[in-house]
Structures are given as structure tokens and as C-alpha cells.
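Chains D, U and Y, in that order, give the protein sequences. Mapping of the first sequence onto the working numbering: residues 5 to 274, in sequence order. Mapping of the second sequence onto the working numbering: residues 5 to 311, in sequence order. Mapping of the third sequence onto the working numbering: residues 5 to 425, in sequence order. Below: the structure, in C-alpha cells.
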Amino acid sequence: MTMKDVGTNSAIKLSFDPATETKNALEFKNVDIFYGDFRAVKELSMTFEKQKVTAIIGPSGCGKSTALRAINRMNELLPGARMTGEVLFHGINIYDPAVDASEVRRWIGMVFQKPNPFSKTIYENVAWGARINGYKGDMEELVENSLKAVYLWDEVKDKLKQSALALSGGQQQRLCIARAVSVKPEILLMDEPTSALDPISTSRIEDLLEELKQRYTIIIVTHNMQQAGRVSDYTGFFLTGDLVEYAPTKELFFNPKDKRTENYISGRFG
Amino acid sequence: MNERETAPKLISLSQKTRTGETAIYAFLFFCATVSILTTLGIVLTLGKEAVNFFKTVSPFTFLTGTKWQPAIDQFGILPLLNSTLMTSLIAMAVALPLGLSVAVYLSEYAPDRVREILKPVLEVLAGVPTVVYGYFALTAVTPFLRSVFGSDTVEIYNTASAGLVMGVLILPLIASMCEDALGSVPGSLREAAYAMGATKLEVATQIVVPAAFSGIAAAFIMGLSRAVGETMIVSLAAGAGSALTFNPFKAAETMTGHIVRISGGDLSYDSMDYNSLFAIGLLLFLITLGLNVLSRRIIKKYREVYE
Amino acid sequence: MSAIRDANLAPVPEFDTRIKERHARGKRRLALFLAATLFSVLSLGTLIASIVNDAFGYVLLENTVEPETLAPGGNFAALDKVELVEILRANVSRRFLMKLDSDAPLADRPKDDLIDLVRTEVVDPVVKKTWNLSDSLLHGKGIVAWAAQNSPKGHVEFRSWLNADFVRRSQASVAIDAGVRGAAFGSFLTILITILFAFPIGIGAAIYLEEYAGDTRLNRIIQTNIYNLAGVPSIIYGMLGLAIFVRGMEPITSGALFGAVADPSTANGRTIFSAGLTLALLILPVIIINAQEALRAVPASLRYSSYAVGATRWQTIWHHVLPASMDRILTGTVLAVSRAVGETAPLVVVGAPAFLTQDPTGIFSKFTTLPIQIYQWTARPQAEFRNAAAAAILVLLALLMTLNASAILLRNHYRKNKRLG
Numbered sequence: 005m006t007m008k009d010v011g012t013n014s015a016i017k018l019s020f021d022p023a024t025e026t027k028n029a030l031e032f033k034n035v036d037i038f039y040g041d042f043r044a045v046k047e048l049s050m051t052f053e054k055q056k057v058t059a060i061i062g063p064s065g066c067g068k069s070t071a072l073r074a075i076n077r078m079n080e081l082l083p084g085a086r087m088t089g090e091v092l093f094h095g096i097n098i099y100d101p102a103v104d105a106s107e108v109r110r111w112i113g114m115v116f117q118k119p120n121p122f123s124k125t126i127y128e129n130v131a132w133g134a135r136i137n138g139y140k141g142d143m144e145e146l147v148e149n150s151l152k153a154v155y156l157w158d159e160v161k162d163k164l165k166q167s168a169l170a171l172s173g174g175q176q177q178r179l180c181i182a183r184a185v186s187v188k189p190e191i192l193l194m195d196e197p198t199s200a201l202d203p204i205s206t207s208r209i210e211d212l213l214e215e216l217k218q219r220y221t222i223i224i225v226t227h228n229m230q231q232a233g234r235v236s237d238y239t240g241f242f243l244t245g246d247l248v249e250y251a252p253t254k255e256l257f258f259n260p261k262d263k264r265t266e267n268y269i270s271g272r273f274g
Numbered sequence: 005m006n007e008r009e010t011a012p013k014l015i016s017l018s019q020k021t022r023t024g025e026t027a028i029y030a031f032l033f034f035c036a037t038v039s040i041l042t043t044l045g046i047v048l049t050l051g052k053e054a055v056n057f058f059k060t061v062s063p064f065t066f067l068t069g070t071k072w073q074p075a076i077d078q079f080g081i082l083p084l085l086n087s088t089l090m091t092s093l094i095a096m097a098v099a100l101p102l103g104l105s106v107a108v109y110l111s112e113y114a115p116d117r118v119r120e121i122l123k124p125v126l127e128v129l130a131g132v133p134t135v136v137y138g139y140f141a142l143t144a145v146t147p148f149l150r151s152v153f154g155s156d157t158v159e160i161y162n163t164a165s166a167g168l169v170m171g172v173l174i175l176p177l178i179a180s181m182c183e184d185a186l187g188s189v190p191g192s193l194r195e196a197a198y199a200m201g202a203t204k205l206e207v208a209t210q211i212v213v214p215a216a217f218s219g220i221a222a223a224f225i226m227g228l229s230r231a232v233g234e235t236m237i238v239s240l241a242a243g244a245g246s247a248l249t250f251n252p253f254k255a256a257e258t259m260t261g262h263i264v265r266i267s268g269g270d271l272s273y274d275s276m277d278y279n280s281l282f283a284i285g286l287l288l289f290l291i292t293l294g295l296n297v298l299s300r301r302i303i304k305k306y307r308e309v310y311e
Numbered sequence: 005m006s007a008i009r010d011a012n013l014a015p016v017p018e019f020d021t022r023i024k025e026r027h028a029r030g031k032r033r034l035a036l037f038l039a040a041t042l043f044s045v046l047s048l049g050t051l052i053a054s055i056v057n058d059a060f061g062y063v064l065l066e067n068t069v070e071p072e073t074l075a076p077g078g079n080f081a082a083l084d085k086v087e088l089v090e091i092l093r094a095n096v097s098r099r100f101l102m103k104l105d106s107d108a109p110l111a112d113r114p115k116d117d118l119i120d121l122v123r124t125e126v127v128d129p130v131v132k133k134t135w136n137l138s139d140s141l142l143h144g145k146g147i148v149a150w151a152a153q154n155s156p157k158g159h160v161e162f163r164s165w166l167n168a169d170f171v172r173r174s175q176a177s178v179a180i181d182a183g184v185r186g187a188a189f190g191s192f193l194t195i196l197i198t199i200l201f202a203f204p205i206g207i208g209a210a211i212y213l214e215e216y217a218g219d220t221r222l223n224r225i226i227q228t229n230i231y232n233l234a235g236v237p238s239i240i241y242g243m244l245g246l247a248i249f250v251r252g253m254e255p256i257t258s259g260a261l262f263g264a265v266a267d268p269s270t271a272n273g274r275t276i277f278s279a280g281l282t283l284a285l286l287i288l289p290v291i292i293i294n295a296q297e298a299l300r301a302v303p304a305s306l307r308y309s310s311y312a313v314g315a316t317r318w319q320t321i322w323h324h325v326l327p328a329s330m331d332r333i334l335t336g337t338v339l340a341v342s343r344a345v346g347e348t349a350p351l352v353v354v355g356a357p358a359f360l361t362q363d364p365t366g367i368f369s370k371f372t373t374l375p376i377q378i379y380q381w382t383a384r385p386q387a388e389f390r391n392a393a394a395a396a397i398l399v400l401l402a403l404l405m406t407l408n409a410s411a412i413l414l415r416n417h418y419r420k421n422k423r424l425g
């Protein structure tokens, strides 16, 4: 991806130069994030491997959601939020002034903690994002495929024109995931996606992640350690804005190197 | 040593009502019932005199007649009703798009400092007495229209002038109701939309405004009801003779304008003129009541969706 | 088999995002929103400018009798009272002179009064033409020249239609002599009645609904009813007032029951009392709704701590809940009252006379109010009455501004002193 291609009118021109590609989908380089005077994330340097699930765990208020939202420039929507450092996507710093935040958000999608479908029909919820991003293909096909990808198609195919708000919590969250993948991102960010759901819906979505990672790089923030253990390949442990430890999941949970990690995992605080 | 022979007195724990409290309660209850009495008064007053009127003129003639000339016993409400609707629709054509735009700006774009100036300005606009608006319509807007469209096209009294100024009067009401509706749309919806790569305009117009649709509809209906009941602006600017016309540049008296003109003159009680006023008033009351009830029902339903 | 692998989600996206275009469209639309906002602000400015424009300007006057013929140099102040009375006697009809004398003996009147009389009745300037402020400022010389040509007898002077005389004088048939004294007085007395009835009843109803009423069917009906009443057009209240207060309760509202009317057969219910009551009914729903919200905002813990020390419900309300909510209640009431001050239609229906020169002497007098005065003057065909109306509007707006400013001051004062959030 060369600089002059980024931020032009047509995304089709973007191409990835194999010579500069690494196995990392995303990289934090010495990132500090401030809310006013408060430093929420301190000197974060971290890489995320492509097509793997990386979990970020830690107690409340440790900065994990803040770090996640820095990846798709959602922190900019909050007044008083500042950042130093670089977030590299295919080698390009997404915070470079030449890069448009709206473009970044199509490449990097997000699913939120509480399901938040639009007050539109089920069909429109999935189609809208693709439409404003100028989707050139067959919309009906895209909607069907997106819903199939989250195993929602059979449940809703007869009621596509009904309001999305009539679905159950678990169904709504899967709809939000379908919506996120409809614009064909590379990375999926998930901010505690199952914390508002019942256990059955939770496990359905966790099973889904196993499949989704074949196409997407997934970065999931969760305060549920068991979930991190179940779904992720890598896990990073955050504590008051610092990345304390970052390792393949099995290693972090069975052989933590830092005392603080061990204390958190064994439930001594949290 | 003296021993008490009598059993200890039992203390009653039941509530002691002092007579003062009961009297106060009665007074307060009476205050609350004054509102019921008012409604009853309105219904009975309008009803009774209107019934007197309908003894002479059938409701059918009243509602479908196209001439209102009491002097020759013509009591068809259509000219007055038509003029009321024309001025109201012109007013809404001004107030709704502008009011909604102001609301979108206030809710989605405006920085706090701008809001702090704008909201008081809107409050002042809403607080200007309608007779002042009527003066403005007659002395400033009509001459302006005449200079733009020619004094042959635009009469000195016309419904366009009154409608336009009514629009300015109602604009703050629409703006504030729409802003409330837009503000109640949860922030999570906006977040989700931004996360899909939408621009601010797309988030505001394609996600937030549709989500607030019923609140906006309620605002429209409430504004319409206000316009229908408005008196001074149309009385001063729309004209003093009833006329059934769709030309907004001609004079045409509205229902409210007629009531105010007739009751401002010499009026003998129990004349046909007097009774006809109450028939018009009854129709006016029913229309505005219907619109208000509809508006509040929509708001109630809308509130249920998000809570 | 994995649905993902089968799904047609190719890694190369076929999106034509056209970001620049979308941002440009966003900017254009924002410009539209800003234009709408600007329009609102400008309408207010235009409205006020238009009124100010009409309230000041040149007038072309022709005196019926030139002051110079009555006193050397037209200087009335130099004459003494006897001479002034003589001028009046010589120039005014006997009938009129007797009427003036019976109103108040000429010899006893203050000198300024007599000078005023001479000016209005003898010199009697007649308005031939008026110009508004913008014309007067921009084309001043042209106007003076035009006047000199077309009206050699007349003189042009710059007139502020809003002046001390305007406030001092009462209604008159000639615009230049007219004033708002009677109307202002009438507004004042009417609003007094309105507040006297609307405030206690409104607060009482709100207290009942918030503090005493259970969730019964009757109370729900009362609540819905109040919301409906708030949306009823003001002219309907006028008709209600006409039927109930003016006609139905005539003995009370005309004052006959209280012996305030000399001849019961001429008793007329179209009095300040009726007007005040009508307006009270009009603003009652608004006062109730506002007071209810104020009471609702008082935290329940305040009531509980009062009950916990054994206070009765009314004691709790009177000593704790009401003081805590009084700032909001007062602010809302002042705003409702300022709305009532500006109301015209219901009072016209209740029966303001078309032409009233006497000041109201009490609540059983015939009445006119500021807005009604404005309405009547605006509706007159003579152009000069527009100017008078504009001046009256300025008086009304000043009055409303004072009321609203005091409401805001009240709110800020109470908010500072409030210990509860």
C-alpha cells in the first residue's frame, strides 16, 4: 500500500505490496492515549497476527477498550481524546493526516458490547453499510451471504423486512456481526461482544469466532478470562494502561511470567 | 408503697389524622378538579350553543356548504376551514423543514457555545406575542410580497403572508420537539454507524433522523394543531371576508379570524351570529384536540421502543 | 463445511467508497442546516428591526392654529395659568370646555396639564404623513424638501412615537395624541387577578397530583385532561370565558353582587375580573405541568427523612418539598404569566371595548390591555396608527423582557443557593 493510493476516491486502487507485507495485520508503535490529562494507555507497543484471534484481558478501567477503539479511530469521536505514537495497518499509520477515518473504519470493523442494530429492517441493517460505501455488486446476495456467515439466515430469511429490534439479544448481536462483515473488512474488533448475552447465545458466538478467524483478524476485548482461554490464540494482559504480558494464550494462562498476571488469573484481584 | 392497680394504657399506633390535614387534602383535590371543570365547561359551553345553532342549520349544511355569509343565512364552513388549512399548511411548509434542520444542527453538530446562544434565541422567538407577529405580517411581509410578486397579484390581505409568519412562530416549537426526539436516540446507534465508515452527515440523516421519526411526526402534528388554533396573525393579515380560494395571495378569513372579528363587534347574545361562533369553536376544538391526542399517542409509542 | 469458506466474501472488496464526494456532500448539507439556523436568528432580528423602524421617524404636521398666534414665539411656558385658561376659553367649544372643567377644574390643574391641553386641543397638529426610521435617516433631506414643496403650512419634525407622553396618555382617536396608559393599567390589573387565581390553584393541583394522588383511574383522567387543556387554542378559552364568566356569572363578575355597580340593569360582565379569570384558566394547565415537574425533581429521600422524624404529609410538603422546588415553580409561573400578558384573542372574545378612554378604576371596570390596544391600532386604516402600534409593541416587549429576565435571574439565584443537586 503506497501512500498516494490511500484516501483516494476509489478503494479498488489500493493494493498490497507483497514486498512490505508481514505476518502482522496491525501494529501499535509506542502509543499513548490521553483523555484530557488522564493517560489511559501508556507506551503501548503490540502486534496482532493475521487471521488469528487476539484477546485483551484485564480488570475494569485498565485501558483495554480505549486501546481497541484506537484501532478504528473511534476515540476521535470523544472530545478531549488525544493520541501519540503510530498505529500501523499494512505499514501505513492510520492516524496520518492523509488517511480518512471513514475509510479506515471500512477496513476495520467493530462489534459492540450491547447489540445496537439500527432501527431499520433486518435487510437494511446489513445492506446499509455496504450501500454508503458504494458497493458495486449484488446487494441481495451480499445480505444473504453475510447472514449465512453468522448462521442467522435460516432464522430470519422469511422476515427480512421486519424490524431488527424485534429480534432477541443473541440474534441482534449476530446481526451486528453480519453487518460488520458485510463491508468486507480485514480486521474485526470486538468490545466485550457477549457480556450482555445469555450463556447459550454466548457460546454460539464463540463458536462463530472459530470460523470467522479463517477470513478476518479478530481482536477481542473481554473481561471474561475463561472466554479468552476458549477462543483466542494470543492474549494480552492489561493493567492500568500498561501491557503487562503478551503471549500465546496457553502460555499466558498456564505459565504466566509476570506476578501480576498470575494474580489476576488466579482471581486474587479483578 | 402505692402500687398501680390500673392496667397500663394501650398506645394506639394507627395514624392520627388531624382535621387540618383533611381540609388541606380537600382543598388540593378541589384544585385538581378545576381542570376537569374547565374541560366540562368547554365541552358544555361549545356544545350547548352549537346545538342551538344546529337547530336552525343542519350539521351537514354546516360542514359541506361553500358559502359563509351570515347576512343571507349562508352557514357553510368550507371557506373558513379551507383558509385555516391553507395558512396552517403554509406555516408547516416553512416550520417543518427549517425547524428540523435547526434541530439536526443543534443535536448533531453544534458546539456547546453555539447551543447556548441559539437556544435562548429560539425561546425568544417562541415568546413573542402573536399580535406582534400579526403586525409584522401586515406591515412588513405583505408589502415585501407585493414588491416581489407585484401589487396586482398580491392583495393587501392574503393568506400567504399570515402563513409565512405563522411558520416563523411555530419554528421554535418544531425545533425543540425534534431536538428532544433526536437527543433520545441512543448514542450506541451513532457509534455503530460511524464504525461502518459513515460520514457525519450520513450518520445524522440516514440513521439518527429515521430513528427519531415518530418524535418528528409528533412534532409536526403538534405544530399543525398550534397553527390551526392561531388567531391574531390571521386576523390581522389574512383578511376579513370569507372566501373559498386556493390562491394564497388573496384574502380569505379563517375560522379563528372570523370568531375574533365577530365577537369584537357588537354582538347580541342568542343571535344566529353568536351561536354560529360556537359551532365554529366546537369544530376548532375537536380538530385541535384530535391532533394533540394523536401527537401524544405517537410520542408514547415511540418512548416504548427505546425503553 | 464452513459457511465462511463457502460464502462469497472475496478478500478484495468491490467498494467505490468515494470518500471525498461524501464529505463534500456533508459540507453542503451542513451549510443548509446553518442557513436554516441563520434564518431563525435573522427573522427575530428582522422582526425587531421592523418594529423599531416604525416607531421612530419624521412626521409632517400641520397645525390647526399656529402657536405663534397664541403666545409670543409660541412659548407657552412663559404664560401663566390664567392666560392659558383664557386661550382655551377663546378657542374651544363651550360644551367641551364644560366637560374639561367637570373632569377636573381648569383653574386647579397643574400648569403642564394646561399647556398639554392647549397643544392638543388648540394648536391641534394634524399628521399629514409619516416616514419610518430608515427612510428618515437615509433620505432626510429629500423628505424635508418634499414637505416644503407640498405642504408650505406644515413642518417636519423627527418624532419618537415612544416617548414619555405616550406612556402618560390614554387612548385617543387621533394617533398623535394617543397613549398606552389605560391599556397598561388594564394589563396590570388583569394579570393581578390572573396570578391571584392561577397560582394557588395551579400549585394546589400539582401538589395533589404529585404528592397525594394514587394511581387511580380518576387521577389518570385528570392528568391526561391537563395535558389536553394545555393544547387547546387560546380563543376557545375566550369563548369559555364569554359564556361562563361574562354571561353565566354576571352578578359576580360585574360586581353587582358586591354592590359595586350603581344600576344593576346596566351590569355588564365584560370586566377586568372576567378577563383575569379567563386568562387564569388559560395558563392553569401550563402552571400545573411545570409545577409537577418541579415537585417530581425533588428527591424522594428528602421526603423520607421528614417522615422519619414524624412529620405529617402536609408538614413535609410545606416545610421541605415546596421550598426545594420553589425556584422551578416560580420560574415556570413567571414564564406562564408573561405568556398571559401577551394574549390577545381570548380577551377580545371576552369583550374588550373597541374604544376605551377611561382608565380602569377597579376590577369591575371595563378593560383594555396592551396587546388589545396594539391589535386595534394595527387594524386601523390610518397610517399613523401603525406608528403608535409599533411604539406600543416596544412597550409590551420591554415589559415581557423584564418579566423573562427576572425569571432567569430567579432561577439562577435559587440554583446558586440550592444544596440539593
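Just so you know, even glycine gets a beta-carbon here, dropped at the ideal spot from N, CA and C. Computed from a prediction, not measured in an experiment: that's the story for all the values here.
Quiz item: Straight-line CA distance for residue 192/D to residue 210/D?
Solution: If you number the first sequence from 1, residue 192/D lands on position 188. If you number the first sequence from 1, residue 210/D lands on position 206. Residue 192/D and residue 210/D have their C-alpha atoms roughly 14 Å apart.
Quiz item: For residue 163/Y, does the three-state DSSP call read helix, strand or coil?
Solution: Taking the third sequence and counting its residues from 1, the one referred to as residue 163/Y is at position 159. It is a strand residue.
Self-check item: Cα-Cα separation between residue 11/D and residue 45/D, rounded to whole angstroms
Solution: Here residue 11/D corresponds to residue number 7 of the first sequence, with the count starting at 1. Here residue 45/D corresponds to residue number 41 of the first sequence, with the count starting at 1. Only weak support is given to the placement of residue 11/D: the predicted model assigns it a pLDDT of 39, under 50, and the question is left unresolved by the model.
Exercise. Take residue 255/D and list the residues in its own chain whose beta-carbon comes closer than 6 Å to its own, dropping the five residues that flank it on each side.
Key: Counting from 1 along the first sequence, the entry for residue 255/D is found at position 251. Once the five neighbours on either side are set aside, residue 255/D has no close Cβ partner at all.
Quiz prompt | Partners in chain D for residue 188/U, counting only beta-carbon separations shorter than 7 Å | solution = The residue you call residue 188/U lines up with position 184 of the second sequence. Correct list: empty, because the minimum Cβ distance to chain D is about 12 Å.
Exercise. Please go through the segment 129-182 of chain D and give each complete alpha helix (DSSP H) segment of 4 or more residues, from N-terminal end onward.
Key: 143-153 and 157-160
Exercise. Go through its chain and collect everything with a Cβ distance to residue 220/Y's Cβ below 7 Å, but skip five positions before and after it.
Key: Here residue 220/Y is taken as the residue at index 216 of the third sequence, counted from 1. Once the five neighbours on either side are set aside, residue 220/Y has no close Cβ partner at all.
Quiz item: Are residue 53/D and residue 220/D close, meaning C-beta to C-beta below 8 Å?
Solution: Position 49 of the first sequence, counted from the start, is the residue given in the question as residue 53/D. Position 216 of the first sequence, counted from the start, is the residue given in the question as residue 220/D. Going by C-beta atoms, residue 53/D is not nearer than 8 Å to residue 220/D.
Practice problem: Taking C-beta pairs closer than 8 Å, name the residues in chain Y that residue 25/U reaches, listed in chain order. | Solution: By 1-based counting over the second sequence, the position of residue 25/U is 21. Within chain Y, the residues near residue 25/U are 316, 317 and 318.
Quiz item: For the segment 129-146 of chain U, which residues have a CB atom closer than 8 Å to at least one CB atom of chain Y, in sequence order?
Solution: 129, 131, 132, 133, 134, 135, 136, 137, 138, 139, 140, 142, 143 and 144
Practice problem: Run the CB neighbour count on residue 242/Y, radius 10 Å, all protein chains shown included, and call it buried at 16 or more, exposed below. | Solution: Counting from one through the third sequence, the residue named residue 242/Y turns up at place 238. So residue 242/Y ends up on the buried side.
Quiz prompt | the segment 161-179 of chain Y contacting the segment 376-392 of chain Y, beta-carbon criterion three pairs below 8 Å | solution = Yes, since at least three Cβ pairs between the segment 161-179 of chain Y and the segment 376-392 of chain Y fall closer than 8 Å, the two stretches touch.
Exercise. Could you check the C-alpha separation between residue 292/U and residue 336/Y for me, to the nearest Å?
Key: One-based indexing of the second sequence puts residue 292/U at position 288. One-based indexing of the third sequence puts residue 336/Y at position 332. Cα to Cα, the separation comes out at about 24 Å.
Practice problem: Would you kindly check if the distance between the Cβ of residue 393/Y and the Cβ of residue 139/U is under 8 Å? | Solution: The count along the second sequence starts at 1 and reaches residue 139/U at position 135. The count along the third sequence starts at 1 and reaches residue 393/Y at position 389. In contact: residue 139/U and residue 393/Y (Cβ atoms closer than 8 Å).
Quiz prompt | Spatial distance of residue 184/D from residue 257/D (CA atoms) | solution = Counting from 1 along the first sequence, the entry for residue 184/D is found at position 180. Counting from 1 along the first sequence, the entry for residue 257/D is found at position 253. About 30 Å.
Exercise. Flag this pair as touching only if the segment 89-109 of chain D and the segment 59-66 of chain D have three or more C-beta atom pairs under 8 Å; answer yes or no.
Key: no
Quiz prompt | DSSP-derived helix/strand/coil call for residue 219/Y | solution = Counted from its first residue, the third sequence places residue 219/Y at position 215. Looking at residue 219/Y - three-state DSSP - the assignment turns out to be coil, as it is neither helix nor strand.
Quiz item: In its own chain, which residues sit with a C-beta less than 7 Å from the C-beta of residue 217/Y, not counting the 5 before and 5 after it?
Solution: For the purposes of this step, residue 217/Y is taken as residue 213 along the third sequence, with counting starting at 1. Only 223 meet the Cβ criterion.
Quiz item: Which residues, in order along the segment 64-93 of chain U, keep a beta-carbon less than 9 Å from a beta-carbon of chain Y?
Solution: none
Quiz item: Around the Cβ of residue 86/Y, are there at least 16 other Cβ atoms within 10 angstroms (buried) or fewer (exposed)?
Solution: Working through the third sequence from its first residue, we reach residue 86/Y at position 82. Residue 86/Y is exposed by the Cβ-count criterion.
Quiz item: Beta-carbon of residue 110/D versus every beta-carbon of chain U: anything under 8 Å?
Solution: Counting from one through the first sequence, the residue named residue 110/D turns up at place 106. Yes, because at least one Cβ of chain U sits closer than 8 Å to the Cβ of residue 110/D.
Quiz item: Buried or exposed: residue 134/Y, going by 16 or more other Cβ atoms within 10 Å of its Cβ?
Solution: In the third sequence, counting from the first residue as 1, residue 134/Y sits at position 130. When all chains shown are included, residue 134/Y counts as buried.
Quiz item: Looking at chain D, which residues of the segment 21-46 of chain Y have a Cβ within less than 9 Å of any of its Cβ atoms?
Solution: 21, 22, 23, 24, 25, 26 and 27
Exercise. Measuring only between beta-carbons, confirm whether residue 196/D sits less than 8 Å from chain B.
Key: Going by chain labels, chain B is absent from the structure shown, which instead holds the protein chains D, U and Y.
Quiz item: Hey, out of 89/D, 79/D, 51/D and 105/D, whose CA is closest to residue 27/D's CA?
Solution: Numbered from its first residue, the first sequence carries residue 27/D at position 23. Minimum Cα distance to residue 27/D is reached at 51/D.
Quiz item: With 8 Å set as the bound, which would you pick, yes or no: does the beta-carbon of residue 5/Y sit closer than that to a beta-carbon of chain D?
Solution: Within the third sequence, the letter at position 1 stands for residue 5/Y. Because residue 5/Y sits at a pLDDT of 31, beneath the cut-off of 50, its placement in the model cannot be relied upon, and the following sentence gives the value as read from the coordinates. With 8 Å as the cut-off, residue 5/Y does not count as an interface residue toward chain D.
Practice problem: Go through its chain and collect everything with a Cβ distance to residue 92/U's Cβ below 7 Å, but skip five positions before and after it. | Solution: The residue given as residue 92/U occupies position 88 in the second sequence. Cβ neighbours of residue 92/U beyond the five flanking positions: 228, 231 and 232.
Self-check item: Reduced DSSP category for residue 8/D - H, G, I as helix; E, B as strand; rest coil
Solution: Reading the first sequence from its first residue, position 4 is the one you call residue 8/D. Legend: pLDDT at residue 8/D = 35, less than 50; position of this residue unreliable, no value from coordinates given.
Exercise. Would you mind giving the Cβ-Cβ distance between residue 49/U and residue 247/Y, rounded to the nearest angstrom? I have them listed as a contact below 8 Å.
Key: Residue mapping note: residue 49/U aligns to position 45 of the second sequence, counting from 1. Residue mapping note: residue 247/Y aligns to position 243 of the third sequence, counting from 1. Indeed they touch by this definition, with Cβ atoms about 4 Å apart.
Quiz item: Which partner residues does residue 252/D have in the DSSP bridge list?
Solution: Counting from 1 along the first sequence, the entry for residue 252/D is found at position 248. Answer is 238/D.
Exercise. List in chain order: all unbroken beta strand (DSSP E) runs of 3+ residues lying wholly within the segment 35-71 of chain D.
Key: Along the length of the segment 35-71 of chain D, whole beta strand (DSSP E) runs at least 3 residues long occupy 42-53 and 57-61, reported in chain order.
Self-check item: Presumed contact (8 Å Cβ cut-off) between residue 202/Y and residue 287/Y, rounded CB distance
Solution: Along the third sequence, read from residue 1 onward, the residue named residue 202/Y stands at position 198. Along the third sequence, read from residue 1 onward, the residue named residue 287/Y stands at position 283. Going by Cβ atoms, the distance from residue 202/Y to residue 287/Y rounds to 5 Å, so yes, they are a contact pair.
Self-check item: Separation of residue 192/Y from residue 282/Y, as counted between CA atoms
Solution: By one-based count along the third sequence, residue 282/Y stands at place 278. By one-based count along the third sequence, residue 192/Y stands at place 188. The straight-line gap from Cα to Cα measures roughly 15 Å.
Exercise. Out of 415/Y, 418/Y and 371/Y, state which residue places its alpha-carbon closest to the alpha-carbon of residue 187/Y.
Key: As a working note, residue 187/Y is residue 183 in the third sequence. Ranking the options by Cα distance to residue 187/Y, first place goes to 371/Y.
Quiz item: Under a Cβ-count criterion, where at least 16 other Cβ atoms within 10 Å of its own Cβ denotes burial, should residue 14/D be classed as buried or exposed?
Solution: Counting from 1 along the first sequence, the entry for residue 14/D is found at position 10. Residue placement at residue 14/D cannot be trusted, given a pLDDT of 36 that sits under 50; what the coordinates show is reported in the next sentence. Label assigned to residue 14/D: exposed.
Quiz item: Would a check of beta-carbon distances place residue 282/U closer than 8 Å to chain Y?
Solution: Along the second sequence, read from residue 1 onward, the residue named residue 282/U stands at position 278. Answer yes: the Cβ-Cβ gap between residue 282/U and chain Y drops below 8 Å somewhere.
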